[in-house]
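What follows is a single structure, written as structure tokens, with notes after it.
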Ligand code: NAD
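Residue numbers (the working numbering): 108 to 608.
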């Protein structure tokens, strides 16, 4: 299937000519231009935000299960178009087809979750200390929610936010990555059509704005947007967070990770190997939850390194649209340069680098393909504390469990983590308050590939946000505590007396 027909099937026919100041959509498969997309200027973005605010005033009063019906209809359309959308993700972001389809499945899954949630936005009743009173806690919609997304999950991250935000009674303004505008256009077109066919929805409940960093900054600065959910690098969050806070807005930050796995002497090595290779080399190392540091008990280190070298050497690297490929391209030349400089820093620090070199699949010379790299080191050197968004797995030995935990936690990021062990004490310690300091902690499965049912996000420089499942929906609502006096007396709390004749 050629690139043009993938775009056409997904409903984003290519535009042939560059547009002044606009975006050039490209495919990392061979580096070629796919299409040209105009960006929205300040006035257009301002108008979309204003429209989202107007729509909010109507949408917030629509009963939540009716709001859920919108999401149910949207998911039905996404199910129908799953293959076409999955192929477009592969084309524009470079992830292999199975992962592209998996990402669309994540869109569907979070929609199903949100539909159920639309009948479960539970509040609380609380015992009152005063006779003839009751206390309640209720959740109300917040307002227009800004959603800024990264290139590596060009559809799912918007869906995690939008499906929940919409059933919670908010409207949504989406600013996708400038590297993946076509995925956003294709998915949002479906949403717009579904909204257009659903009489209960104000036409402006879901908005898309195409732009670069400046568009994200406009969302960050808009007083009409009470919540900005932003997914991307820690540098982005460091710039955006204070801007939103300066106007007392809330932000939900999903930033970079630097995820580790510990392999203990009792680990099932065959199982561990499968999990490690998927988590470290899958998606060409371009997941926020990618496994970047492997902390291995010294007694196993030589054996596991040998197994990894063998597995890495045989990983099929190539076009993500080919059925047998497991490792697709990096997103662009910049990602390749950053990977090479991280490997140079590793060599400088005395580590042994295996792989990491450029691969040139026939006919795809304009793509940046690499053989995933293993970096064998004795110490956790400075470059290992950074997130390099590429398939580099640092392997470091440990001697005792406390040391392994310390190595795992002594980075600035705190997204995901894993332990491979059959020792119940080690597993439970890892999951305990004194164990992993990350938002996600797994036993005998890798740190990447989360399900939507749990809350997703991480601590420290990962930003502290939680989205997707569990009670993450509460972030998209405002909490109101209510006191009702149904008696004919007027008692004050804490026994305060204030007689008024
Ligand atoms: P990026 O930070 O370059 O861009 C992300 C988005 O933020 C884009 O839409 C971009 O236009 C926008 N942006 C950038 N600077 C901004 C600013 N100052 N103000 C407002 N908006 C701004 O990230 P990327 O390269 O697209 O994605 C890779 C990064 O995203 C990695 O660090 C990865 O770990 C992270 N990520 C995190 C999660 C998570 O859930 N924690 C998920 C996916 C990706």
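Backbone N, C-alpha and C define an ideal beta-carbon position, used for all residues, glycine too. Just so you know, these numbers come straight off a predicted model, no measurement behind them.
Those residues which DSSP pairs with residue 282 across a bridge = Answer is 255, bridged to residue 282.
Residue 486, buried or exposed, once every other Cβ within 10 Å from all chains shown has been counted against 16 = With fewer than 16 other Cβ atoms within 10 Å, it is exposed.
inquiry  = Buried or exposed, going by whether 16 or more other CB atoms sit within 10 Å of the CB of residue 419?
reply    = Its Cβ being crowded by 16 or more others within 10 Å, residue 419 is buried.
ask   = If you run the structure through DSSP and keep just helix, strand and coil, what is residue 365?
value = In the structure shown, the three-state DSSP call for residue 365 is coil.
query = DSSP on residue 558, reduced to helix/strand/coil?
reply = Correct three-state label for residue 558: coil.
query = Is there contact between the segment 311-321 and the segment 145-159, where contact requires at least three CB pairs shorter than 8 Å?
reply = Under the 8 Å Cβ criterion, the segment 311-321 counts as touching the segment 145-159, having at least three qualifying pairs.
message = Output needed for residue 267: all residues of its chain with C-beta closer than 6 Å, excluding positions within five of it in sequence on either side, in chain order.
response = Excluding sequence positions up to five before and after residue 267, its CB lies within less than 6 Å of the CB of 217, 574 and 575, all in the same chain and listed in chain order.
ask   = DSSP state of residue 581, grouped into three classes?
value = The answer is helix: DSSP assigns residue 581 an H, G or I state.
inquiry  = Using only the alpha-carbon positions, how far apart do residue 366 and residue 585 sit?
reply    = Separation of residue 366 and residue 585 (C-alpha to C-alpha, rounded to the nearest whole angstrom) is 32 Å.
key: Between the CA atoms of residue 264 and residue 230 - distance to the nearest angstrom   = Put simply, the backbone Cα of residue 230 is about 26 Å away from that of residue 264.
ask   = When we look at the beta-carbon of residue 276 and count the other beta-carbons within 10 Å, is it buried (16 or more) or exposed?
value = Residue 276 should be labelled buried.
inquiry  = Can you list, in chain order, the residues of its chain with a C-beta nearer than 6 Å to that of residue 214? Leave out the 5 residues immediately preceding and following it.
reply    = Its chain contains 185, 262, 263 and 266 as the residues whose beta carbon lies nearer than 6 Å to that of residue 214, once the 5 sequence neighbours on both sides are disregarded; these appear in chain order.
ask   = How would you write the range of the beta strand (DSSP E) that residue 335 sits in, first residue to last?
value = Bounds of the beta strand (DSSP E) holding residue 335 are 334-338.
Under 7 Å between C-beta atoms of residue 520 and residue 569 = Taking the C-beta atoms as reference points, residue 569 is found nearer than 7 Å to residue 520.
task = Identify every run of the alpha helix (DSSP H) within the segment 335-412, keeping only runs that are complete inside it and at least 4 residues long; order them along the chain.
result = Within the segment 335-412, the complete alpha helix (DSSP H) segments of 4 residues or longer fall at 341-353 and 376-388, listed in chain order.
inquiry  = Less than 6 Å separating the Cβ of residue 290 from some heavy atom of the ligand NAD?
reply    = It does not: the Cβ of residue 290 is nowhere closer than 6 Å to a heavy atom of the ligand NAD.
task = From the DSSP output, read off the bridge partner residues of residue 215.
result = Bridge partners of residue 215: none, in fact.
message = Are there any heavy atoms of the ligand NAD lying less than 6 Å away from the beta-carbon of residue 582, as far as the coordinates show?
response = Taken from the Cβ of residue 582, every heavy atom of the ligand NAD lies 6 Å or farther away.
Residues bridged to residue 563 (per DSSP) = Answer by DSSP bridge pairing, in chain order: 574.
query = Looking at residue 575 and the ligand NAD, is the gap between the Cβ and the nearest heavy atom below 6 Å?
reply = Not so, every heavy atom of the ligand NAD lies at least 6 Å from the Cβ.
inquiry  = Excluding the 5 residues flanking residue 175 on each side, which residues of the same chain have their C-beta closer than 6 Å to its C-beta?
reply    = Taken in chain order, the residues that qualify are 222, 225 and 274.
message = Buried or exposed for residue 108, going by 16 or more other Cβ atoms inside 10 Å?
response = The C-beta of residue 108 has fewer than 16 other C-beta atoms within 10 Å across all chains shown, which makes the residue exposed.
inquiry  = Alpha carbons only, please: which of 341, 333 and 362 is nearest the one belonging to residue 351?
reply    = Comparing Cα-Cα distances from residue 351 to each of 341, 333 and 362, the minimum goes to 333.
request  = State buried or exposed for residue 606, treating a residue as buried only when at least 16 other CB atoms are found within 10 Å of its CB.
outcome  = Sixteen is the threshold: since fewer than 16 other Cβ atoms of the shown chains lie within 10 Å of the Cβ of residue 606, the residue is exposed.
ask   = Quick one: Cα of residue 452 to Cα of residue 258, how far?
value = If I take the Cα positions, the gap works out to 26 Å.
message = Check this for me: beta carbons of residue 171 and residue 228, under 7 Å apart or not?
response = Contact annotation: residue 171 and residue 228 have beta-carbon atoms nearer than 7 Å.
message = Less than 6 Å separating the Cβ of residue 446 from some heavy atom of the ligand NAD?
response = No heavy atom of the ligand NAD is found nearer than 6 Å to the CB of residue 446.
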